[in-house]
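Colleague: Residue numbers (the working numbering): 501 to 916. For each residue, glycine too, the CB sits at the ideal point set by N, CA and C.
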Ligand code: C5P
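This is the structure in structure tokens:
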């Protein structure tokens, strides 16, 4: 389930030497889940053959506006409506001028005019042509119409010049298109996330708690909701606003959080993330009245709280993916892996809390992703970005689970 799953993208290829790079762009977009159709101008066909791009895109390449057979298969208006995004790459100086003028005398320009989809243009040309005021004016016109211009990059050119005019790398073009579409891969899926600290009362005015701010869990809930999930955020006491589209369940104690988590996973849930810093112990007796100062010492008897995530992982309604956190001060990976196995989790996100600059209360974090395949480090970034990355990885892992399940079902059917 790539980020561009179910998205239809048309690449309009025009006649520049960079046309060969479109092979890579097609591969990247398809790898991300998109269906890609190609329109080639006459000029483009002098640089790459339609057969090459047909083989890579998996669809016949569209080249003619007034071709009966092609129109019967998929007319130009139908093609324009099919697209969720239309990207002209490489866009020559001439094609920029033709798009700016609103020409409609070939299939590429006609489709660009007829499509209701967002249009992206990735120019590529000699640096002097790029600098020419005529080109600059055309770019201004296109930008003014809401068309997104990607690049061009600076560097050495095929003609031997050095300057701005190189086609932006396919990976960046693909990223610019992807960024335009929110990843809705969790549409129709349910995600339950625990966050924040718990508060364990000693008496009506005192409690035991910890420094968890809840920021990581809230950022994860926001990223899950943005990915389309029905998101339930079971939160201890924190001073954060509920992210848009998230259902928040407020709890105080570990016992309350335990009950809420087990209750909410009863509705089939794909992903559970335990990011809460649950107090391991609670006072055995919660004094009904304020405890008075008597004597130099006060003994409070503590008893173990339930391990919420372990119970979620062992539950008969276990979510497909159960992800825990491990805050460690030494031997990060070993301890995280031991926790992963001990608690029967699919993934543990490990963070080094001996570092003052990251983790608790901080806005940034650097973590290691630990699963059965090993571990790797997710570099230092904001909790917001990290949350997006972690949700994206969970989506990949869920997709891998689905493939695995399908294989099991298929092999069972084969056996029968
Ligand atoms: O054992 P430790 O507290 O280090 O494990 C951390 C992970 O376990 C986190 O995902 C945390 O949310 C979860 N946990 C829990 N219930 C507890 C203690 C920890 O769900 N009582």
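Give the DSSP-derived three-state secondary structure of residue 633 in the structure shown.
Modeller: helix
Colleague: Hey, is residue 778 close to the ligand C5P, as in C-beta under 8 Å from one of its heavy atoms?
Modeller: yes
Colleague: Of the residues 839, 654 and 680, which one's Cα is nearest the Cα of residue 668?
Modeller: 654
Colleague: Going straight from the alpha carbon of residue 807 to that of residue 743, what length do you get?
Modeller: 26 Å
Colleague: Skipping 5 residues on each side, what residues in its chain have a beta carbon closer than 8 Å to that of residue 632?
Modeller: Excluding sequence neighbours, residue 632 sits near 593.
Colleague: Identify the residues that DSSP records as bridge partners of residue 663: which are they?
Modeller: 655
Colleague: In the DSSP output, which residue or residues are listed as bridge partners for residue 774?
Modeller: 694 and 824
Colleague: So, at 7 Å on beta carbons, what are the nonlocal neighbours of residue 694 in its own chain, with the 5 sequence-adjacent residues on each side left out?
Modeller: 717, 734, 757, 761, 774, 775, 776 and 808
Colleague: Measuring only from the beta carbon, is residue 806 closer than 8 Å to any heavy atom that is part of the ligand C5P?
Modeller: It does: the Cβ of residue 806 is within 8 Å (strictly closer) of some heavy atom of the ligand C5P.
Colleague: Would the C-beta of residue 696 count as close to the ligand C5P, meaning under 8 Å from any of its heavy atoms?
Modeller: no
Colleague: Check whether the Cβ atoms of residue 837 and residue 870 sit closer than 9 Å, and answer yes or no.
Modeller: yes
Colleague: Between the alpha carbons of residue 583 and residue 831, how many angstroms are there, rounded?
Modeller: 50 Å
Colleague: Quick one: is the Cβ of residue 809 within less than 8 Å of any heavy atom of the ligand C5P?
Modeller: Yes.
Colleague: Using a threshold of 8 Å, is the CB atom of residue 815 nearer than that to any non-hydrogen atom of the ligand C5P?
Modeller: no
Colleague: Closer than 8 Å to a non-hydrogen atom of the ligand C5P - does that hold for the CB of residue 713?
Modeller: no
Colleague: Do the region 633-647 and the region 594-610 touch if we need at least three Cβ pairs shorter than 8 Å?
Modeller: Yes, the region 633-647 is in contact with the region 594-610.
Colleague: For residue 533 and residue 505, what's the separation of their Cα atoms in angstroms?
Modeller: 4 Å
Colleague: Mapping the DSSP letters down to three states, classify residue 684 as helix, strand or coil.
Modeller: coil
Colleague: If I measure Cβ to Cβ from residue 539 and keep anything under 8 Å in the same chain, skipping five residues before and after, which residues do I get?
Modeller: For residue 539, where only same-chain residues beyond five positions count, the Cβ hits under 8 Å are 510, 511, 512, 513, 561, 562, 563, 579, 607, 608 and 611.
Colleague: Rounded to whole angstroms, what's the CA-CA distance from residue 884 to residue 896? Just pull it up for me.
Modeller: 19 Å
Colleague: Can you tell which of 652, 617 and 862 has the C-alpha that lies nearest to the C-alpha of residue 518?
Modeller: With distances taken between Cα atoms, residue 518 lies closest to 652.
Colleague: Going by beta carbon distance, what residues of the same chain come within less than 7 Å of residue 696, once the five residues before and after it are set aside?
Modeller: 712, 714, 717, 735, 736, 737, 738 and 776
Colleague: Taking 9 Å as the cut-off, decide whether the C-beta atoms of residue 685 and residue 650 are in contact.
Modeller: no
Colleague: By the DSSP assignment, the alpha helix (DSSP H) with residue 511 in it spans what residues?
Modeller: Here residue 511 belongs to no alpha helix (DSSP H); instead the beta strand (DSSP E) covers 508-513.
Colleague: For the candidate residues 745, 577, 630 and 725, whose alpha-carbon lies nearest to that of residue 565?
Modeller: 577
Colleague: Would the beta-carbon of residue 868 be found less than 8 Å away from any heavy atom of the ligand C5P?
Modeller: no
Colleague: What does the Cβ neighbour count give for residue 620, buried or exposed, with the cut at 16 atoms within 10 Å?
Modeller: buried
Colleague: In whole angstroms, what is the alpha-carbon distance linking residue 882 and residue 537?
Modeller: 37 Å
Colleague: Who are residue 535's beta bridge partners in DSSP?
Modeller: 508
Colleague: What is the C-beta distance between residue 783 and residue 798, in whole angstroms, given that I count them as a contact (C-beta under 8 Å)?
Modeller: Going by Cβ atoms, the distance from residue 783 to residue 798 rounds to 11 Å, so no, they are not a contact pair.
Colleague: What beta strand (DSSP E) runs, 3 residues minimum, are completely inside the region 701-771?
Modeller: Taken in chain order, the complete beta strand (DSSP E) segments of 3 residues or longer contained in the region 701-771 are 730-735 and 746-750.
Colleague: Just verifying my parser: in three-state terms, what is the DSSP assignment at residue 885?
Modeller: helix
Colleague: In three-state DSSP terms, what is residue 519?
Modeller: DSSP places residue 519 within a helical segment (H, G or I) once states are collapsed to three.
Colleague: Which value, in whole angstroms, describes the spacing of the CA atoms of residue 549 and residue 900?
Modeller: 35 Å
Colleague: Nearest by alpha-carbon distance to residue 875: which of 856, 898, 863 and 849 is it?
Modeller: 849
Colleague: Let me know if residue 785 comes out buried or exposed under the rule of 16 or more other beta-carbons within 10 Å of its beta-carbon.
Modeller: exposed
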